[in-house]
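Everything on this sheet refers to the single structure shown next.
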DNA sequence: ACCATATGTAATCGCCGATTACATTTCGCT
DNA sequence: AGCGAAATGTAATCGGCGATTACATATGGT
């Protein structure tokens, strides 16, 4: 994992400057999260894994929250990419695209619980301070609004006036579903008899079918 | 807040034993959370506020997670009480009671964000280790299942077979709504023009009306 | 009254985030 | 090429933290 020769080992290739410490720290942080959980991340260990002194990270991140925010930004970029791709790949139909967006979101959250945890944390990262984070978050919400507005224009919604309410509901539903799954709030999988991802995606289908389309 | 004479001040009433340190620590912890946020809780400060040495708390809580779990248990008891009271006060109609349960849950979460944060945290508390926490959590879920099952028996549901799916959806919806509100994920209040609690409760009504009743 | 047990203190350990002073490297400018 | 500023590393240090240990004091049952 160490991306730099270790000076302590007398390595002749040891360099004083790391070369790309910023990215190395982000990668190390992600590794720590996957190994020991979000709450066990420490700047010092990330520095150790990057083969660097404990104070070095502060040249790139003024605070621990800044490091976590950088990790979140990278994760958010991936999520945005997945969602955008799924929407683009879906048929040219607002409701089909809306559904594709939701399933892509759940797929990503369930498939990358580590990254999802970071994104949705509001205690470890400094969300308001990150323009990138807010922009990509808003972009997804705006995309949802646009899709539902277009659906309303085509008469696919029972009531066009309630688009904002529907978007709010849809976000809460997807967010709640993803978070509960990731955080292990679903001990009743054995009751439904379905694997978590299957039940979650089924729930989304039900939601879109009934709530949004007003069936 | 200090519930015990301060020995350092030469208080003649100072006692070696606190008398009720366990409860005092829980109260101090809640106060810290309300003042500085969940992530700034420390056993040492709770001990200081209780007028006790930094090691004393460990006589009552083997670990920090145990202390936070005790706080969560107390909060969960209040939530369970509110929910049970709301259900009991509602008309003798399964859907009316189901709706009352949901609104009581949201009311409590939005009215006591501090306690809700603790309950829903899975990193600070040791959820699986607390029988009380799991029991009360399960009790609410079972109550939801029973209410919907009764509603199905009375023909108030479009499809009785999907009760487990509906309960899963309803839990995710309420949880997502509450968490997003508490964590500040709703910057679009100005878009809807409604105050957060109003919009949240409206969303729940919409959800129950369309998704559950199948309208 | 006695003593086991409960409950407190004191001292200590290792780890943490953060800051400061200093060392080294890199890079733009002439 | 070389020089100096800026970037980027190290070393040492600070205060705070969770947790453990050895020891001191209070409480309550017999």
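Residue numbers (the working numbering), protein chains in the order written: chain G, 1 to 215; chain C, 216 to 430. Each residue gets a CB set at the ideal place from its N, CA and C atoms; glycine is no exception.
Nearest-angstrom Cα separation, counted from residue j out to residue i
| i | j | result |
| --- | --- | --- |
| residue 383 of chain C | residue 118 of chain G | 24 Å |
| residue 277 of chain C | residue 237 of chain C | 12 Å |
| residue 113 of chain G | residue 337 of chain C | 14 Å |
| residue 353 of chain C | residue 385 of chain C | 14 Å |
| residue 55 of chain G | residue 33 of chain G | 20 Å |
| residue 18 of chain G | residue 85 of chain G | 35 Å |
| residue 313 of chain C | residue 202 of chain G | 22 Å |
| residue 413 of chain C | residue 177 of chain G | 22 Å |
| residue 194 of chain G | residue 27 of chain G | 34 Å |
| residue 216 of chain G | residue 94 of chain G | Since the first residue of chain G shown is 1 and the last is 215, residue 216 of chain G is not available in this structure. |
| residue 91 of chain G | residue 253 of chain C | 45 Å |
| residue 184 of chain G | residue 348 of chain C | 14 Å |
| residue 41 of chain G | residue 181 of chain G | 22 Å |
| residue 143 of chain G | residue 401 of chain C | 16 Å |
| residue 10 of chain G | residue 342 of chain C | Note on residue 10 of chain G: pLDDT 38, under 50, position unreliable in the model; the coordinate value appears next. Their Cα atoms are separated by approximately 47 Å. |
| residue 207 of chain G | residue 124 of chain G | 31 Å |
| residue 165 of chain G | residue 154 of chain G | 18 Å |
| residue 145 of chain G | residue 362 of chain C | 34 Å |
| residue 326 of chain C | residue 77 of chain G | 34 Å |
| residue 426 of chain C | residue 200 of chain G | 15 Å |
| residue 251 of chain C | residue 35 of chain G | 29 Å |
Chain-order list of residues whose beta-carbon lies under 7 Å from that of residue i (same chain, five-residue window excluded)
| i | result |
| --- | --- |
| residue 394 of chain C | 335 |
| residue 82 of chain G | 104, 108 |
| residue 60 of chain G | 21, 22, 25 |
| residue 75 of chain G | 115, 118, 119 |
| residue 45 of chain G | 32 |
Spatial neighbours of residue i in its chain, beta-carbon cut-off 8 Å, leaving aside the 5 residues before and after
| i | result |
| --- | --- |
| residue 345 of chain C | 284, 287, 288 |
| residue 217 of chain C | Note that residue 217 of chain C has pLDDT 38, beneath the 50 cutoff, so the model's placement of it is unreliable and the number below is only indicative. These residues qualify, in order along the chain: 264, 265, 266. |
| residue 204 of chain G | 99, 102, 103, 106, 173, 174, 177 |
| residue 80 of chain G | 136, 139, 140 |
| residue 53 of chain G | 47 |
| residue 244 of chain C | 256, 261, 282, 283, 286 |
| residue 304 of chain C | 315 |
| residue 492 of chain C | An answer regarding residue 492 of chain C cannot be provided, because it is not within the stretch 216 to 430 covered by chain C. |
Same chain only: Cβ atoms within 6 Å of residue i, ignoring 5 sequence neighbours per side
| i | result |
| --- | --- |
| residue 375 of chain C | 367 |
| residue 258 of chain C | 272, 279 |
| residue 87 of chain G | 97, 100, 101 |
| residue 149 of chain G | 163 |
### Query
Which parts of the region 305-348 of chain C are runs of the alpha helix (DSSP H), unbroken and 4 residues or longer, counting only runs that do not cross its ends?
List check, alpha helix (DSSP H) in window: 309-326, 328-335.
### Query
If you measure beta-carbon to beta-carbon, which residues of the region 239-258 of chain C are closer than 9 Å to chain G?
Answer in chain order: 252, 253, 254.
### Message
So if I threshold CB-CB distances at 7 Å, which residues from the region 368-380 of chain C count as touching chain G?
### Response
Legend: CB atoms of the region 368-380 of chain C lying less than 7 Å from CB atoms of chain G belong to residues 379, 380.
### Query
At a Cβ cut of 7 Å, what residues of the region 412-426 of chain C count as close to chain G, listed as they run along the chain?
Correct list: 414, 417, 418, 421, 422, 425, 426.
### Task
With a floor of 4 residues, list each alpha helix (DSSP H) that falls wholly inside the region 148-215 of chain G, ordered by position along the chain.
DSSP assignment within the region 148-215 of chain G yields the following whole alpha helix (DSSP H) runs of 4 residues or more, N-terminal first: 163-182, 189-192, 196-207.
### Ranges of the alpha helix (DSSP H) found wholly within the region 234-279 of chain C, counting only runs of at least 4
Fully contained in the region 234-279 of chain C are the following alpha helix (DSSP H) runs of length 4 or more, in chain order: 236-251, 258-264.
### Task
Residues of the region 46-75 of chain G with a CB closer than 7 Å to any CB of chain C: list them in chain order, please.
Closer than 7 Å at the C-beta level to chain C, one finds no residue of the region 46-75 of chain G.
### Query
Looking at chain G, which residues of the region 325-343 of chain C have a Cβ within less than 7 Å of any of its Cβ atoms?
Listed in sequence order: 337, 338.
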